[in-house]
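**Student:**
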Amino acid sequence: KAVLFDRIPAVRSVAAFSMGYYEQHQVLTPLTRALADSNSGVQAAAVASLLRSGAPYSVVKDTVQHLLNDQNPAIRSGAVKALGNGKGPDVLNVLILALNDPLPRPRIGASRALGRIGDRTLLPTLKRLLRDTDEAVRVTAAAAIVRILDKEIGL
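Position 14 (the sequence shown) corresponds to 415 in this note's numbering; numbering is contiguous.
(1) Under a Cβ-count criterion, where at least 16 other Cβ atoms within 10 Å of its own Cβ denotes burial, should residue 411 be classed as buried or exposed?
(2) Quick one: grab the DSSP three-state call for residue 491.
(3) Grab me the residues of residue 486's own chain with a C-beta within less than 6 Å of its C-beta, minus the 5 sequence neighbours each way, in chain order.
(4) With respect to 7 Å, is the separation between the Cβ of residue 478 and the closest non-hydrogen atom of the ligand NAD below this value?
(5) Would you report the Cα separation of residue 506 and residue 524, rounded to the nearest angstrom?
(6) Would you kindly work out how many angstroms separate the C-alpha atoms of residue 530 and residue 469, rounded to a whole number?
(7) Expressed to the nearest angstrom, what Euclidean distance is found between the alpha-carbon atoms of residue 535 and residue 403?
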């Protein structure tokens with residue numbers, strides 16, 4: 402937990418990300434503090450870990466909104482990638498909204514996250530992305546669709 406306060410952001414980010422493999426009661430307090438880190442990479446890692454450990458979306462909501470409104474598409478992409486560790490309608494709604502990002506990178510991240518979540522009700526949304534102007538978005542959407550269908554039939 403002490404490494405969450407290291408002066409090097411990359412160390413704090415790796416520490417926050419790895420804490421997501423522990424039980425929620427062990428990491429909730431330090432990861433909640435990491436949501437307020439000055440580095441957006443640390444914040445995104447804390448979001449991913451909190452969601453992976455089972456924390457409700459309400460714990461990370463404000464940080465996610467802050468990250469998704471950032472000017473930097475890499476930060477927005479990190480936020481949608483982190484959301485792929487979550488569950489529930491709030492997470493799905495935010496990811497679906499991220500599919501409207503003006504730049505492809507966050508749309509790609511959102512598409513991957515939706516495929517990882519694997520909810521069949523997402524198929525029409527992902528199918529719409531097959532007509533995206535960006536080839537990488539189309540390919541990622543197709544892969545997400547295949548992942549959902551594979552999960553459904555047990556491949």
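C-beta: ideal position from N, C-alpha, C; glycine also. None of the values given here were measured: they were computed from a predicted structure.
**Tutor:** Per the coordinate set shown:
(1) Stepping through the sequence shown from its first residue, residue 411 is reached at position 10. The residue in question, residue 411, is exposed, as its Cβ has fewer than 16 Cβ neighbours within 10 Å.
(2) Residue mapping note: residue 491 aligns to position 90 of the sequence shown, counting from 1. In this structure, residue 491 counts as helix in the three-state DSSP scheme.
(3) Counting from 1 along the sequence shown, the entry for residue 486 is found at position 85. If we look at residue 486 and ignore the five residues flanking it on each side, its Cβ neighbours are 449, 452, 453.
(4) With respect to the ligand NAD, the structure offers nothing, as it holds no ligand at all.
(5) By one-based count along the sequence shown, residue 506 stands at place 105. By one-based count along the sequence shown, residue 524 stands at place 123. Straight-line measurement puts the Cα of residue 524 at about 20 Å from the Cα of residue 506.
(6) To locate residue 530, count along the sequence shown from 1; it is residue 129. To locate residue 469, count along the sequence shown from 1; it is residue 68. The alpha-carbon atoms of residue 530 and residue 469 are separated by roughly 20 Å.
(7) Residue numbering aside, residue 535 sits at position 134 when the sequence shown is read from its first letter. Residue numbering aside, residue 403 sits at position 2 when the sequence shown is read from its first letter. Their Cα atoms are separated by approximately 42 Å.
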